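S.K.: Structure incoming, see below.
Numbering (our numbering), first residue to last: 242 to 297.
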């Protein structure tokens, strides 16, 4: 149950970041900023999920 909840939260986090990513070429730096933040958020969720599994 917890894994399903974490998976849904990670999907929602990724979608919320990607929704704000500019598509135009002149916004390349801004796009990299959002993609890096999405990757960091996903890494944090994976680490949290591992900790929860280890403690549970």
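A virtual CB, placed ideally from N, CA and C, is assigned to each residue, including glycine. Bear in mind the structure is a predicted one, so any value in this text is a computation, not a measurement.
(1) Starting from residue 269 and walking both ways along the alpha helix (DSSP H), at which residues does that stretch end?
(2) Specify the secondary structure class of residue 253 as computed by DSSP and reduced to three states.
(3) What is the DSSP secondary structure of residue 244, counted as helix, strand or coil?
(4) Are the beta-carbon atoms of residue 291 and residue 255 separated by less than 8 Å?
(5) Using beta-carbon positions only, say whether residue 247 and residue 286 come within less than 8 Å of one another.
M.R.: Taking the structure as given:
(1) Counting from one through the chain shown, the residue named residue 269 turns up at place 28. Its alpha helix (DSSP H) spans residues 269-296.
(2) Locating residue 253 in the chain shown gives position 12, where the first residue counts as 1. Note: residue 253 maps to helix in three-state DSSP.
(3) As a working mapping, residue 244 is identified with position 3 in the chain shown. If DSSP states are grouped into helix, strand and coil, residue 244 belongs with the helices.
(4) Indexing the chain shown from 1 puts residue 291 at position 50. Indexing the chain shown from 1 puts residue 255 at position 14. Cβ distance not < 8 Å, so residue 291 and residue 255 don't count as in contact.
(5) On the chain shown, residue 247 is found 6 positions in, with the first residue counted as 1. On the chain shown, residue 286 is found 45 positions in, with the first residue counted as 1. Yes, these two residues count as a Cβ contact at 8 Å.
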